[in-house]
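Visitor: I am attaching a structure below and will ask some questions about it afterwards.
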Amino acid sequence: MGWILNGFQQVFTVQNILISLLGCFLGNLVGVLPGLGPTASVSLLFPFMLKLPPLSILLCLGAVYYGAMYGGSITSVLLNIPGEVASVPTAMDGYPLAKQGRAGSTLLICALSSFFGCMVALVLLAFFAPALGRFALSFGPFEYFGLMFFSLACASGLSGKSVTKSLFMAFFGILLSMVGCDSQTSAFRLTFGSFRLLQGFDSIPIVVGLFGITEVLSGIKENVTTVSEGESKYARVWPTKRELKLSAGAAARGAAIGSSLGILPGLTPSSCTFIAYSLNQKLSVEKDKIGHGAIEGCACAEAANNSAAMAGFIPLLALGIPTGPVLAIVLAALIIQGVVPGPLMFTVNIDLTGAVIAGFFIGNIIMLIMNIPLIRFWVKIAYLPYKWLAPIILFLCVLGTLVIRYATFDLWVMMAFGALGFLAKEKDIPITPFVLGLILGKSIETYFRQAAVMGFEKIVHHPISIVALVGGLALLVIFQIFKEKVHD
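In structure tokens:
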């Protein structure tokens, strides 16, 4: 423990505190703007960080990373516009809660859950990083495929009134994720001769259309006056005892799942969040409310995406293996500085490692303190006249879509999926399985093909995969039988 305490002594300088504060602020700002996300923001800051010492680089880029993960929840809850893909589950439950006049308590739960998720992952980083890093390497294609199939089965079984419709939407999402260049053969597929589809569909325009544009169309149809239908009580920020009780359990589940999966290379925070959200829906005492305005859904999603983001530093520091693009940039910055992450980080560079962990603890406290007072300001957005708010939503949707590739084609994709989302909402067709299939589709295909190359008969040596596959199929059958009985 001495090396951690020594780390706190190194971090408590004016420069390091200001760097953490700046990183949190920039991360929140980036998270609020749809389409930018932590990867783009870290990439833009990367060249300016190279003249700083390694500790300052890690503190700033880390603060931007977890700041953006939380910032995405703000527009998700208030405007139904996910700041990034990992915030989609938060929008599913957060926006219906905002419409009920509970935006303040929802944002506070999101902030507390994000903080809790980061703290859980940091404890794992401080005490178990080397062992967990080695455990992460034991997962192969069979385990990854089984895990993703199980989460897809949970989402399909629990969403909507028909398992068949949910499965169709899930496979539709997977199909769209396959458009473009095959990562293994480099062949183009499902492009129909269009050069615009050679790079495939970016998930951000689709997600922004499904949530932001759909909400504007629904608001016009229903002739709403404000987002929130509840009383304009800005002081109503603190959640009730029941909300806290439900959220505490969901946040614990989200943090446990997010931090466990976040150490696995190839699983991004968005993938971990959807998996945790699906599993939490299965374990929840109020399964029917998840996805339609359950505060525990927001708690689980925020705890999962922040714990997964923070847990990614475990294999990075312990083994030198980045779990996603953001951490790959951090790795490059450290190598340029002459610091090579790996086992030596916990021996030769133990002082730097302790300071990084201590800095992340302090940075998350700064983020929480900075955001709680702002909740009252953010909540007022939900009570703006809709005739003012709708143009703002449209502007953010267009901005978030254009900043990705600066392509007008993405705008057409956004509008098309906005219309499809509106029709799906009118026909009561679930969107959750589609989004999950879209996000996990490429990974599911990759791990399936890798398992096929290794030989499917070898699955007998992978009990985790067997349990996940059998459990997923069993859940689909059980939910189908249950829903048929309910309708009868």
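Quick note, in this note's numbering, the sequence shown goes up one by one and the last residue is 731. Yeah, the Cβ is synthetic: ideal placement off N, Cα and C, and Gly gets one too. Small disclaimer: the values here were computed from a predicted structure and weren't measured.
In the structure shown, what three-state DSSP assignment does G360 receive?
Guide: Note: G360 maps to helix in three-state DSSP.
Visitor: Please look up how many angstroms separate the CB atoms of S490 and S356, rounded, as I've assumed it's under 8 angstroms.
Guide: Contact flag correct, Cβ pair sits at about 7 angstroms.
Visitor: Using a beta-carbon distance below 9 angstroms, is C267 in contact with chain B?
Guide: The structure shown has no chain B; it contains just one protein chain.
Visitor: Have a look at V338 and I317 and give me their C-alpha separation to the nearest angstrom.
Guide: The identity of residue 338 in the sequence shown is Tyr, whereas the question assumes Val. Roughly 10 angstroms between the two C-alpha positions.
Visitor: Under the assumption that N523 contacts A329 (Cβ atoms under 8 angstroms), give the Cβ distance between them as a whole number of angstroms.
Guide: Incorrect: roughly 15 angstroms between the Cβ atoms, too far for contact.
Visitor: For my contact list, A756 and I506 are in at a C-beta cut-off of 8 angstroms; report their separation, rounded to the angstrom.
Guide: Nothing in the structure corresponds to residue 756, since the chain is present only between 244 and 731.
Visitor: Is the separation between the beta-carbon of I456 and that of A662 shorter than 9 angstroms?
Guide: Yes. Within cutoff.
Visitor: According to the neighbour-count rule (16 or more other Cβ atoms, all chains shown, within 10 Å of its Cβ), is E486 buried or exposed?
Guide: Answer is buried; the Cβ neighbour count reaches 16.
Visitor: What runs of the alpha helix (DSSP H), each 4 residues or longer, lie entirely inside the region 615 to 657?
Guide: For the region 615 to 657, whole alpha helix (DSSP H) runs of length 4 or above, ordered along the chain, are 618 to 622 and 629 to 648.
Visitor: In whole angstroms, give me the CA-to-CA distance for H705 and C267.
Guide: Near 41 angstroms, if we compare the C-alpha coordinates of C267 and H705.
Visitor: What does the Cβ neighbour count give for S381, buried or exposed, with the cut at 16 atoms within 10 Å?
Guide: Exposed, by the Cβ-count rule.
Visitor: Can you give me the Cβ contacts of P565 inside the same chain, cut-off strictly under 6 angstroms, excluding the 5 residues immediately before and after it?
Guide: Once the five neighbours on either side are set aside, the close Cβ partners of P565 are L559, A571 and L574.
Visitor: How would you write the range of the alpha helix (DSSP H) that R485 sits in, first residue to last?
Guide: K484 to G505 is the span of the alpha helix (DSSP H), which, as asked, contains R485.
Visitor: Rounding to the nearest angstrom, what Cα-Cα distance links K685 and P325 in this structure?
Guide: Going by the C-alpha atoms only, they are around 21 angstroms apart.
Visitor: Using a Cβ-Cβ cut-off of 8 angstroms (strictly less than) and excluding sequence neighbours within five positions of W246, which residues of its own chain qualify?
Guide: Cβ within range, chain order: I593, D594, T596 and G597.
Visitor: Only counting the same chain, and skipping five residues up and downstream in sequence, which positions put a Cβ closer than 6 angstroms to that of L301?
Guide: Hits under 6 angstroms: V599.
Visitor: Rounded to whole angstroms, what's the CA-CA distance from L288 to L265? Just pull it up for me.
Guide: Answer to the nearest angstrom: the Cα atoms are 12 angstroms apart.
Visitor: Would you give the residue range spanned by the alpha helix (DSSP H) that T256 belongs to?
Guide: First-last for T256: undefined, no H or E at that position.
Visitor: Which whole-angstrom value describes the C-beta separation of G310 and L269, a residue pair presumed to lie in contact below a C-beta threshold of 8 angstroms?
Guide: Sure, about 7 angstroms apart at Cβ, within 8 angstroms.
Visitor: For F431, list the residues DSSP reports as bridge partners.
Guide: Answer is C424, bridged to F431.
Visitor: Any idea what DSSP makes of Q442, helix, strand or coil?
Guide: Residue state, collapsed to three classes: coil.
Visitor: Helix, strand or coil for D531, going by three-state DSSP, please let me know.
Guide: Helix, per DSSP.
Visitor: Could you name the residues of the same chain whose beta carbon sits closer than 8 angstroms to that of I579, not counting the 5 residues immediately before and after it, in chain order?
Guide: Result list for I579: L293, in chain order.
Visitor: May I have the straight-line CA-CA distance separating S437 from F378, to the nearest angstrom?
Guide: Looking at the two C-alpha atoms, the distance is approximately 44 angstroms.
Visitor: On the CB-based measure, 16 or more other CB atoms within 10 Å of its CB, does T675 come out buried or exposed?
Guide: Buried, because 16 or more other Cβ atoms sit within 10 Å of the Cβ of T675.
Visitor: Buried or exposed, going by whether 16 or more other CB atoms sit within 10 Å of the CB of T483?
Guide: The residue in question, T483, is exposed, as its Cβ has fewer than 16 Cβ neighbours within 10 Å.
Visitor: Please report how far the alpha carbon of P568 lies from the alpha carbon of F722, in whole angstroms.
Guide: About 37 angstroms.
Visitor: Indicate the three-state DSSP secondary structure (helix, strand or coil) for K668 in the structure shown.
Guide: K668: helix per DSSP, three-state reduction.
Visitor: Sorted by chain position, which residues of the same chain lie with C-beta nearer than 7 angstroms to F251's C-beta, five sequence neighbours on each side aside?
Guide: Correct list, in chain order: A601.
Visitor: Whole-angstrom Cβ separation of A494 and G360, contact assumed at under 8 angstroms?
Guide: Confirmed, Cβ separation roughly 7 angstroms.
Visitor: Can you tell me which of G389, E386 and L453 puts its alpha carbon nearest to the alpha carbon of G416?
Guide: Here the closest residue by C-alpha is L453.
Visitor: Pick from F392, F603 and A341: whose alpha carbon is nearest that of S514?
Guide: Checking every option, the nearest Cα to that of S514 belongs to F392.
Visitor: Given that a residue counts as buried once 16 or more other Cβ atoms are within 10 Å of its Cβ, and exposed if not, what is V459?
Guide: Buried, by the Cβ-count rule.
Visitor: Measuring alpha carbon to alpha carbon, tell me which residue in R496, A354, S299 and I702 is nearest E386.
Guide: Ranking the options by Cα distance to E386, first place goes to I702.
Visitor: Any idea what DSSP makes of F251, helix, strand or coil?
Guide: Here F251 sits in helix by DSSP.
Visitor: Under the rule that 16 or more other beta-carbon atoms within 10 Å means buried, what is L716, buried or exposed?
Guide: Exposed: under 16 other Cβ atoms inside 10 Å.
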